[in-house]
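Residue numbers (the working numbering): 7 to 194. Before any comments, here is the structure.
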Amino acid sequence: MRGIALSAKKSASNNLLRSLIPILYAHWEGFVKQVSIAKLTYLVSKGIKYKDLNESFLAYAAFEAFGGQIPVKRFDAISKIAKGDIGLDSPIKLNPEKYIDTKSNLNSEVLKEISLKVGIDYALFELKENMIDEGFLGLRNQICHGERVSVTKIEFDNLYAEVIGLIDLFKNLVLNSVHTKSYLKEAA
7 MRGIALSAKK SASNNLLRSL IPILYAHWEG FVKQVSIAKL TYLVSKGIKY
57 KDLNESFLAY AAFEAFGGQI PVKRFDAISK IAKGDIGLDS PIKLNPEKYI
107 DTKSNLNSEV LKEISLKVGI DYALFELKEN MIDEGFLGLR NQICHGERVS
157 VTKIEFDNLY AEVIGLIDLF KNLVLNSVHT KSYLKEAA
């Protein structure tokens, strides 16, 4: 479809390029969601105990201990968390789809939250926050909400390259975290 849009006449090309933005966004959102779910599913399948995972995964133990709802106004619940009395000796057990939510709006804030949930460093995405929020998601929202926005071939090619770069970066960070076992607590 990208090839057709790039070779079409100017008026048809603009319409095709505009229609590709929501498709590109769906690819971005779906990829991040599915890879994140796969990473958590992998961890669950390994049967690793919560206490052996790094701190970014300990929040899952707290959520699971309270059925997904931490009663923040109950002192006994907070005390239980502080004491580590939340099943840290049991293997990680969670439903990854319950915790990975792109909110149908994968902006930089949501990406940061998901990165934390899957235990990857968000820092490499920080320089791309404006591009993600304004240049990509903002453009997608304008198009999907019926605004008449023009997209040139050069603009689309640049955006396409940026988004594919983000997808590759996310994939590489997740694969590296699995390969290096960075999800495990460092030995003291």
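Where a beta carbon is used, it is the ideal one built from N, C-alpha and C, also for glycine.
Residue pairing for P28: DSSP places it in no beta bridge. By the neighbour-count criterion, in which a residue is buried when 16 or more other Cβ atoms sit within 10 angstroms of its Cβ, R154 is exposed. Inside the segment 17-73, DSSP marks no whole beta strand (DSSP E) run of 3 or more residues. Counting of Cβ neighbours within 10 angstroms places I138 among the buried residues, the total reaching 16 or more. Shown here for V116: same chain residues with a beta carbon closer than 7 Å to its own, the five before and five after excluded, namely T108 and K109 in chain order.
When DSSP states are grouped into helix, strand and coil, L133 belongs to the coil group. Of all alpha-carbon atoms in L112, S121, K118 and D127, the one lying nearest the alpha-carbon of G141 is that of L112.
Looking from the CA of E168, the closest CA among S51, L133 and S188 belongs to L133. K159 and N178 have their C-alpha atoms some 28 Å from each other.
Secondary structure of L145 (DSSP, three-state): helix. Taken through DSSP and simplified to helix, strand or coil, L190 comes out as strand. Here E70 is buried: its Cβ has 16 or more other Cβ atoms, across all protein chains shown, within 10 Å.
Looking only at L30, G125, A32 and L49, the smallest Cα-Cα distance to E61 is reached by G125.
According to the DSSP assignment, I120 belongs to the alpha helix (DSSP H) that extends over S114 to V124. A direct Cα-Cα distance of roughly 10 Å separates N147 from I27. A contact is defined here as three or more CB-CB pairs under 8 Å, and the segment 41-60 meets this definition with respect to the segment 92-106.
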